[in-house]
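These notes are about the structure you will find just below.
In our numbering, the protein residues as written are 2 to 243.
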């Protein structure tokens, strides 16, 4: 996929970019390096945080492919392509969809250090409805250009997802900026009117502190999930974690 406008950045690319730019920041003549300026390091850290957030908002956490509908989120706030989650769950059970599925599964586990153990069934994710910037609606998803930063916005405040905190309402799947949710004083979704409780507000691509809080809540959330025989849960992905 070379230089044809269809390439996309992966998390590995981000890490390689960090190493390259740090090497360029070394202005010494020593072959061993080690003279990177403090200001360069600070700039690199600032860029890293922004690039990392943009990547999380533009690529599937499992497959590293550009996000495209149907998109789902887990209860830690990670975003996935639905097909990637289904393939992961099948592979986890030993049913590989093709010859390379086992290789992809092992790579996903290795890269995440088994960080997807909380994905046990399709009930551990819920469908999310993201609002795309008007100029990007209908375009092929990509993660290479500056437009990635502008892809998803809040339908109420028009704030951009990579610049402000966003939350998903798990009971209906609509995603808003944190600022917009605070304006919903009646605890009803501004898009569909679905009632929600505070426990149903999932920070999307949140801070490490928010992720830790969500992890701590996972056991009790799973206990409240309906049994696998529930017809309602078999027919769709939207979950109600109350």
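Just so it is clear, CB atoms sit at the ideal spot from N, CA and C, and this is done for glycine as well.
Nothing here was measured: the structure is a model prediction, and the numbers come from that model.
Between the Cα of residue i and the Cα atoms of the options, which residue gives the shortest distance?
i: residue 259; options: 158, 95, 163, 75; result: Any question about residue 259 goes unanswered here, given that the chain covers just 2 to 243.
i: residue 70; options: 64, 121, 129; result: 129
i: residue 118; options: 186, 89, 101, 100; result: 89
i: residue 98; options: 127, 123, 84; result: 84
i: residue 55; options: 79, 93, 175; result: 79
i: residue 165; options: 93, 180, 156; result: 180
i: residue 66; options: 105, 49, 174; result: 105
i: residue 123; options: 107, 96, 91; result: 91
i: residue 68; options: 50, 102, 133, 93; result: 133
i: residue 51; options: 161, 200, 176; result: 161
i: residue 261; options: 175, 53, 155; result: A query on residue 261 cannot be resolved here, the shown segment of the chain reaching from 2 to 243 and no further.
i: residue 225; options: 87, 103, 200, 184; result: 200
i: residue 220; options: 93, 125, 53; result: 125
From the DSSP output, read off the bridge partner residues of residue i.
i: residue 67; result: 60
i: residue 82; result: 72
i: residue 123; result: According to DSSP, residue 123 bridges with nothing at all.
i: residue 189; result: 196
When DSSP labels each residue in this structure, what does residue i get in the three-state scheme?
i: residue 47; result: Note that residue 47 scores 48 on pLDDT, short of 50, meaning its location in the model is unreliable and no value can be drawn from it.
i: residue 162; result: coil
i: residue 182; result: helix
i: residue 98; result: coil
i: residue 169; result: strand
i: residue 204; result: strand
i: residue 129; result: strand
i: residue 175; result: strand
i: residue 153; result: strand
i: residue 114; result: coil
i: residue 104; result: helix
i: residue 109; result: helix
i: residue 224; result: helix
i: residue 215; result: helix
i: residue 90; result: helix
How many whole angstroms separate the CB atoms of residue i and residue j, which I take to be in contact at a CB cut-off of 8 Å?
i: residue 131; j: residue 153; result: 5 Å
i: residue 76; j: residue 215; result: 6 Å
i: residue 107; j: residue 81; result: The Cβ separation is near 18 Å, so there is no contact.
i: residue 177; j: residue 156; result: 7 Å
Legend entry - Three-pair Cβ contact test at 8 Å for the region 167-178 versus the region 195-206: yes
Legend entry - the region 198-213 in contact with the region 109-125 per 3-pair CB rule at 8 Å: no
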